[in-house]
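Reading through the structure tokens given below for one structure.
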Amino acid sequence: MSYIITTNGLCKQSGKAMRVRDLDLKVPEGVVYGFLGPNGAGKSTTMKMLLGLVKPTAGTISVLGKEVNSKNRLSILKDVGSLIESPSYYAHLTGKENLQIISTLKGVPAKDIDRVLQVLRLEKQKDKKVGQYSLGMKQRLGLACALLGRPRLLILDEPTNGLDPAGIQEMRDLICSLPQKYGMTIMVSSHLLSEIDQMATYAGIISRGELVFQNRMSCLHEKSRSSIAVRTLQNGAAAKILQDHGIGYELQDQYLLLPCLNDHELAGQMGLLYTKNIDIVRIEERHKSLEDIFLDLTGKAVSL
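Heads up: take any position in the sequence shown, counting from 1, add 66, and you land on my numbering.
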């Protein structure tokens, strides 16, 4: 698999606090990669290090197959678009004038301005002063600036922050369309699992500066499969019976957790316990939500 971003042992220390610790990112090419974590987990700091805006304390960064350093940073960034925290703009200028400034700085042909205005559906607002834009329009303008020049990689830090539901849906649909339409790789951060779940095919979850999960979103969904919780008056004896018959289980909070079973299989296993004089007092089907998994990975005490 080809990776467009890789980091090895990436660390960032601020004073005595370690903001990012031993981060090994692997972002596959041509996907939407969700970078997920609670507020203060180190997402923005990591993205700033990827862009060379913050110097790492330790570790290496490779973007587009090249190790990022002071000598080649600008050449790498020509193929990278970004929107970190809130978009920057000149409020007294129009949307098109802001884009003209960015296109000049990037060395992008002026004709590309019309393309990004169309992609972001800003054609009708292009001659309005940005100071009169709504928050959603400012976010779209910031993304339009990032899309100038058709970058291979787009790094977006919480792009749906502060948007209303319609604006969130619009931004989400746009981000999801970019890999297929333009062959881009998108790295998008959020503290909301539901947002990443609707956009990303791969995800990395960061907690207190450390990577606690990195894989396909489907692997995260597999962790949310249903289980059967059985409570008996003799859990120890019941566990031994299951073990002797090669039946997998987990003991959790006075319950025996069995994998999800069909009715016939469940009846057989409960019948086995009954014939061994095990008193069964409760049977429940449990389903672990993605939010539960996220909290398990990042710590239930963390404020989202």
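Cβ atoms here follow ideal geometry from the backbone N, Cα and C, with glycine treated the same way.
Exposure label - residue i; buried when at least 16 CB within 10 Å
i	result
N105	exposed
P122	buried
P175	exposed
R187	exposed
C211	buried
R206	buried
P325	exposed
A333	exposed
K204	buried
Q191	buried
S68	exposed
I262	buried
S393	Nothing about residue 393 can be reported from this structure: the residues present for the chain run from 67 to 370 only.
Y155	buried
I70	buried
F360	buried
I234	buried
K114	buried
Delimiting residues of the alpha helix (DSSP H) encompassing residue i
i	result
C326	C326 -> no alpha helix (DSSP H), and no H or E assigned at all.
M265	259-265
D193	Looking at the DSSP string, D193 is not in any alpha helix (DSSP H), and its letter there is neither H nor E.
L149	That residue, L149, is in no alpha helix (DSSP H); its beta strand (DSSP E) goes 146-149.
D310	301-310
A232	231-248
S292	Here S292 belongs to no alpha helix (DSSP H); instead the beta strand (DSSP E) covers 292-298.
E224	Run containing E224: none; DSSP gives neither H nor E here.
L171	161-172
Residue i - containing beta strand (DSSP E), residue span
i	result
N74	69-80
V182	Counting along the chain, V182 falls outside any beta strand (DSSP E), though it belongs to the alpha helix (DSSP H) covering 177-185.
R216	Note, R216: premise wrong, no beta strand (DSSP E); not H, not E.
R274	That residue, R274, is in no beta strand (DSSP E); it is neither H nor E in DSSP.
L102	98-102
M253	251-256
G125	124-129
L89	83-89
H353	346-353
E288	Note, E288: premise wrong, no beta strand (DSSP E); alpha helix (DSSP H) at 283-288.
L317	316-318
K92	92-94
Residues near residue i by beta carbon distance below 6 Å, same chain, minus five either side
i	result
Y321	A295, R297
M237	P225, T226
T72	K92, S128
G228	L201
L183	E189, K192
I349	V296
K31	Past the boundaries of the shown model lies residue 31; the chain is included only from 67 to 370, so the question cannot be answered.
heavy atom of the ligand MN below 7 Å from residue i C-beta
i	result
S154	The ligand MN is absent from the structure shown, which contains no ligand whatsoever.
Cβ separation of residue i and residue j, assumed to be a contact under 8 Å, to the nearest whole Å
i	j	result
A107	G75	Wrong, their Cβ atoms sit about 18 Å apart, outside the cutoff.
L259	L356	6 Å
K172	L214	6 Å
I271	T364	7 Å
M250	R218	6 Å
G275	V86	5 Å
L165	I142	That belief does not hold up - the Cβ atoms of L165 and I142 are roughly 22 Å apart, past 8 Å.
V120	K78	7 Å
L277	L89	5 Å
Contacting residues, own chain, Cβ-Cβ under 8 Å from residue i (five flanking each side not counted)
i	result
L317	N301, A305, L323
N138	K132
S369	Confidence at S369 is low in this model, with a pLDDT of 40, below 50, so the placement of that residue is unreliable and no value is reported for it.
A367	Caution applies to A367, whose pLDDT of 43 falls short of 50 and renders its modelled position unreliable; the value that the coordinates give is listed next. Nothing meets the Cβ criterion.
F279	A269, G270, I271, L286, L363
S273	G103, P104, A107, L363, T364, G365, V368
Y315	A305, L308, Q309, L322, L323, L324
I344	T298, L299, Q300, A303, A304, I307
Close Cβ partners of residue i (< 7 Å) along its chain, the five nearest in sequence each way excluded
i	result
S293	L323, L324, P325, C326, R352
K194	T160, G161
E224	S255, S256
T61	Residue numbering for the chain in the displayed model covers 67 to 370; residue 61 lies beyond these limits and cannot be assessed.
V347	R297, T298, L299
L116	I71, I127, V129, I221
Neighbour flag for residue i against chain D, beta carbons, 8 Å
i	result
S200	Of the protein chains in this structure there is only one, and it is not chain D.
query: Would you say the region 153-165 touches the region 195-202, given that touching needs at least three Cβ pairs under 8 Å?
result: yes
message: With three or more beta-carbon pairs closer than 8 Å as the criterion, would you say the region 338-349 touches the region 305-324?
response: yes
task: Would you check if the region 239-246 and the region 94-101 touch, i.e. whether three or more CB-CB distances between them fall below 8 Å?
output: yes
- prompt: If we count Cβ pairs, one from each stretch, closer than 8 Å, do we get three or more for the region 108-122 versus the region 142-160?
  reply: yes
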